[in-house]
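A.B. asks: This is the structure, below, for whatever I ask next.
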């Protein structure tokens, strides 16, 4: 039952992120002087299962202004898989990575403290 509540809570939070992202896109579109600063970041995944990777990647792509563009297998053992993410507003790539860390932890709270990202 706890997983159901978590999934519903995550869905509500994600809906809020989609709403906020849509308004940010609209605001920057109507005020072109604000501009865009697209960036692609490499995000080391902490989630491991295909199901969670798919859910995380889909969550990123659902959020306006971001898109999951690729998944890379590690070059060496013990290194996490890497997700390539395009962000339209990437003025601060560290902020983009922090937002991805937050989203991943909300999706899978058990990964808090795990290395990778």
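Residue numbers (my numbering): 1 to 117.
All residues carry an ideal CB built from backbone N, CA and C; glycine is no exception.
Can you tell which of 96, 10, 78, 27 has the C-alpha that lies nearest to the C-alpha of residue 144?
C.D. replies: Residue coverage of the chain in this structure runs from 1 to 117, which leaves residue 144 outside it and unanswerable.
A.B. asks: Please state whether the Cβ-Cβ distance between residue 41 and residue 97 is less than 8 Å.
C.D. replies: To locate residue 41, count along the chain shown from 1; it is residue 41. To locate residue 97, count along the chain shown from 1; it is residue 97. Against a cut-off of 8 Å, the Cβ pair of residue 97 and residue 41 comes out as a contact.
A.B. asks: Taking 8 Å as the cut-off, decide whether the C-beta atoms of residue 107 and residue 56 are in contact.
C.D. replies: Taking the chain shown and counting its residues from 1, the one referred to as residue 107 is at position 107. Taking the chain shown and counting its residues from 1, the one referred to as residue 56 is at position 56. It is a contact, given that the beta carbons lie within the stated cut-off.
A.B. asks: Looking at the unbroken alpha helix (DSSP H) that takes in residue 29, where does it start and where does it end?
C.D. replies: Here residue 29 refers to the residue found at position 29 of the chain shown. Run containing residue 29: 2-30, per the alpha helix (DSSP H) assignment.
A.B. asks: In whole angstroms, what is the alpha-carbon distance linking residue 68 and residue 53?
C.D. replies: One-based indexing of the chain shown puts residue 68 at position 68. One-based indexing of the chain shown puts residue 53 at position 53. Those two C-alpha atoms are separated by around 11 Å.
A.B. asks: Which runs of the alpha helix (DSSP H) spanning at least 4 residues fall entirely within the region 41-96, listed in chain order?
C.D. replies: 50-62
A.B. asks: To the nearest angstrom, how far is the alpha carbon of residue 194 from that of residue 18?
C.D. replies: Here the chain covers residues 1 to 117 and nothing more, so residue 194 does not appear.
A.B. asks: To the nearest angstrom, how far is the alpha carbon of residue 117 from that of residue 89?
C.D. replies: Here the question's residue 117 lines up with position 117 in the chain shown. Here the question's residue 89 lines up with position 89 in the chain shown. With a pLDDT of only 49 at residue 117, under the threshold of 50, the placement of this residue in the model should not be trusted, and no figure is reported.
A.B. asks: Can the beta-carbon of residue 93 be found closer than 8 Å to that of residue 44?
C.D. replies: In the chain shown, the residue the question calls residue 93 occupies position 93. In the chain shown, the residue the question calls residue 44 occupies position 44. Taking 8 Å as the Cβ cut-off, residue 93 and residue 44 do not qualify as a contacting pair.
A.B. asks: Is it right to say residue 100 is buried, meaning 16 or more other beta carbons lie within 10 angstroms of its own, or is it exposed?
C.D. replies: Here residue 100 refers to the residue found at position 100 of the chain shown. Flag for residue 100 reads buried.
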